[in-house]
Amino acid sequence: ARDGEGFIAISPEARKTFWLDRSRTAAIAKHTNAFKINEDVVIPLERLGEYSDGIERINIELSIKNKLKLCAALLQYLSGSLPVEQFDGLPKSDLLGERANYAAAHVAQVQERWQWLLDNLDAPLADYQARYGDKIHAAPEANPAESCFIAFRDFRLRVSIKSDVMTPLAEIFSGKADTKIMAGLGKIHAQIVRSRVFVALHMHAGDGNVHTNIPVNSDDYEMLQTAHQAVARIMDIARSLNGVISGEHGIGITKLEFLTDEEMQPFWDYKAKIDPKGHFNRHKLMRGADLRNAYTPSFELLGFESLIMEQSHLGKITEAIKDCLRCGKCKPVCSTHVPRANLLYSPRNKILGVGLLAEAFLYEEQTRRGVSLKHFDELGNIGDHCTVCHRCVKPCPVNIDFGDVTVDIRNFLHQTGHTHFNPAVAAGMAFLNAKNPTVIKILRAGVVTAGFKAQTIGYDLGQQFHIGANKQKRAPKATTQKAALKEQVIHFINRPLPRNVPLKTARSLLGLDGDGSTVPIIRNPSLPEDAEAVFYFPGCGSERLFSQVGLATQAMLYHAGVQTVLPPGYLCCGYPQSAHGDAGKANDMVTENRVLFHRMANTLNYLDIKTVVVSCGTCYDALAEYRFEDIFSGCRIVDIHEFLLEKNIKLDGVAGQQYLYHNPCHTPIKSMDGAKLASELIGQNVPLSDRCCGESGMFAVKRPDIATQVKFRKQEEIE
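Residue numbering for the sequence shown follows the working numbering, beginning at 55 and increasing consecutively.
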């Protein structure tokens, strides 16, 4: 209707190209710890060009002022006592000579030139060229008649810290004795550049709504003041163009002083009518609610003083999440983000929660009033709402992996002694940690066999007496806090566990229980001595729990005509311990395993093992950190299904019962799409069933209420 143009992305590559500039804007968050002043305005479409020019002038002026500030700081540094590396007993004056004076004179010349530019942006470029000659950086196509501002705006003129200042200084101070001098100059450069203010624009071009963002460091008071001065200029520009300063975002304290009482009165009248006692957002957007009483927390400022930041994982946690853009791209892929049940536990919202809790920790530590134990409970609740699947990192424009953050949270709680004892989790972890065959046999009988049977009986009784399990599955409740014990029990039995769990471990069924001094090698006697050998790491799930998986894997390797080397005893990869927050136990386990594997490699070097086979995605992720290429020289890690496909072991379709492919949180299939691989192995199409199954190791045991939500979302996907 308005002769507009559209863009339709017909491929993933085209979509990425379209969003590339927005992705680059994510660098703003890296520049300023994701803290920005948001000053949206609405500009008449025919005046957008003038608004962009006004903002560009602000940016050019701020850039030059930052460079002048750097020149002043460098001159002060050069006028002081410079740190010279002394050699052969030569005096400092002989080593330095007149170089400090030469350097200061050069910086002063550049400073004078840039000051002229700042004062004469509207002067013709010809004046600048006549005054400074070949010292300026102007493109050959630059028009001498145009103003310096226009030349800057159109990238035909530039000023460069690197070319004009830092490179010449590096040439002056290029000797061995000048290392510390250059380090000092570099440090000053980094500090000043960090405080540079700039204005970033992106907009809804169809309606004139312009997102005007000013990234700032909340611990830099001078930078905040400079940004606020820029805001005042932006508001004046918007008003002068018949624009409206109440844009889509940023109607809060930074804009209030620029809005007239006439503009605010309708809102104040409405607020007085619906909220006469001022309960909602107390004092917000009312008279006097501007920057005079504003406070913003800064981890940079508080971190130096706070013992809790220095002596715990809290500093590491806040550092990991500080760049979050609040864009929400992580929400669709997050396993625990189930909107029909809750809206609080997407990675974005969990980051907001962790940030608020960190502020509370710091505030209470600073004021010496003692840290409330409730904060630890809330932090634990956030940590519980994660399956550590790491899916959130892929769409994140600033590469935040909340799976890693969750592990850090759990480690922090474990180290500070603020985890709550859970008997079911403790029993499960004891089963995974055990190595002695007798202990494993006892724990398997008590934890797995008896536990599965009890859960099955509970499920059957729940279905018979209608205790509310079906209601839970249809509409799971929000999980802002742990459910009551009765409700947790119902969550635990609202879906049946597998009923036909093998009675023994895979190692027991093969008669390989022993003292761990023998390395089993399973091979077809008819194979030649130099037949291909692989090392199969079954892990806890395929060996101790669902032993039919381990046996099936070994059977297929036997069928593939390879020699299969097994670990000498029961081993866990260490991932469950790490994800549980017990980093010490995980590190000990990984170290012991790696030492054992090196000994195996030395003993079995005649087999020339080049492949490590796994049947568990979690084991794959853990073993990827073992540096197996240094253990079995040049080897790789591969999932059993990929290995079978390489060996061309396939089916020609299946009759009767058909299959879905469940893509697990920790997929071991790395070289191709999992559903495609399953389809090729079976010989017919296997549909993908996305989303987490809701088990995730100890996840469903520790928080069955959250698992119910995740399973609800999985059921939606299947149906």
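Backbone N, C-alpha and C fix where the C-beta goes; we use that ideal spot for every residue, glycine too.
Per DSSP, Ile463 has no beta-bridge partner at all. A check of alpha carbon separations from Phe546 across Pro530, Tyr513, Cys450, Lys558 identifies Tyr513 as the nearest.
Per the C-alpha coordinates, the member of Gly604, Lys540, Gly593, Arg549 positioned closest to Leu564 is Gly604. Per the C-alpha coordinates, the member of Lys448, Pro449, Asn465, Glu418 positioned closest to Asp438 is Asn465. Pairing Gln763 with Val740, the inter-Cα distance amounts to about 26 Å.
Here Tyr715 is bridged, per DSSP, to Leu742.
The residues Val573, in chain order, have a CB closer than 7 Å to that of Met654 in the same chain once the five nearest residues on each side in sequence are set aside. In this model, Ile328 and Thr390 are separated by some 36 Å (Cα to Cα). Residue burial annotation: Tyr275 is exposed, with fewer than 16 other C-beta atoms found within 10 angstroms of its C-beta. Burial is judged here by how many other beta carbons sit within 10 angstroms of a residue's own beta carbon; Gly103 has fewer than 16 and is exposed. For His265, the uninterrupted beta strand (DSSP E) segment begins and ends at 263-269. By the Cβ criterion, the stretch 290-301 is not in contact with the stretch 127-137, since fewer than three pairs of Cβ atoms, one from each stretch, lie closer than 8 Å. The beta carbon of Gly262 sits closer than 7 Å to those of Val96, Ile97, Pro98, Leu99, Leu102, all from its chain and outside the five residues before and after it, given in chain order. With contacts defined by Cβ atoms closer than 9 Å, Arg648 and Ile691 do not form a contacting pair. Around Cys626, the same chain offers Leu486, Asn487, Gly593, Cys594, Met643 as residues with beta carbons nearer than 8 Å, after the five sequence neighbours per side are excluded. Under the three-state reduction of DSSP, Gln617 is assigned to strand. From the listed residues His282, Arg423, Pro269, Gln738, the smallest Cα separation to Asp377 is found for Pro269. For the 9 Å CB-CB criterion, Lys558 and Ser596 do not form a contact. Listed in chain order, the beta strand (DSSP E) elements of length 3 or more contained wholly in the stretch 488-515 amount to none. Distance between Asp273 and Lys507, taken at the CA atoms: about 58 Å. Boundaries of the alpha helix (DSSP H) around Met277: 275-294. For Ser217, the closest alpha carbon among the candidates Val164, Leu699, Lys701 is that of Val164. Per DSSP, the unbroken beta strand (DSSP E) holding Thr665 starts and ends at 665-668. DSSP places Leu368 inside the alpha helix (DSSP H), whose first and last residues are 368-375.
Taking 9 Å as the cut-off, the Cβ atoms of Leu116 and Val253 count as close. According to DSSP, residue pairing for Asp693 in a beta bridge involves Val668. Ser426 counts as exposed, since fewer than 16 other beta carbons sit within 10 angstroms of its beta carbon.
Of all C-beta pairs linking the stretch 718-726 to the stretch 405-417, fewer than three are shorter than 8 Å, placing the two stretches out of contact. Secondary structure remark: continuous beta strand (DSSP E) runs of at least 3 residues inside the stretch 84-158, in chain order: 90-92. Around the beta carbon of Ser632, 16 or more other beta carbons lie within 10 angstroms, which makes this residue buried.
Distance from Glu139 to Lys230 at the Cβ level is roughly 6 Å; contact confirmed, criterion being Cβ atoms closer than 8 Å. A direct Cα-to-Cα measurement between Ile436 and Glu110 gives close to 42 Å.
In the structure shown, Ser201 falls within a strand segment according to DSSP collapsed to helix, strand and coil. Per DSSP, the continuous alpha helix (DSSP H) segment holding Val247 begins and ends at 233-248. Within the stretch 377-462, no complete beta strand (DSSP E) segment of 3 residues or longer occurs.
Within the same chain, and ignoring the five residues on either side of Leu122 in sequence, the residues whose Cβ sits closer than 8 Å to its Cβ are Gln165, Trp168, Gln169, Leu172.
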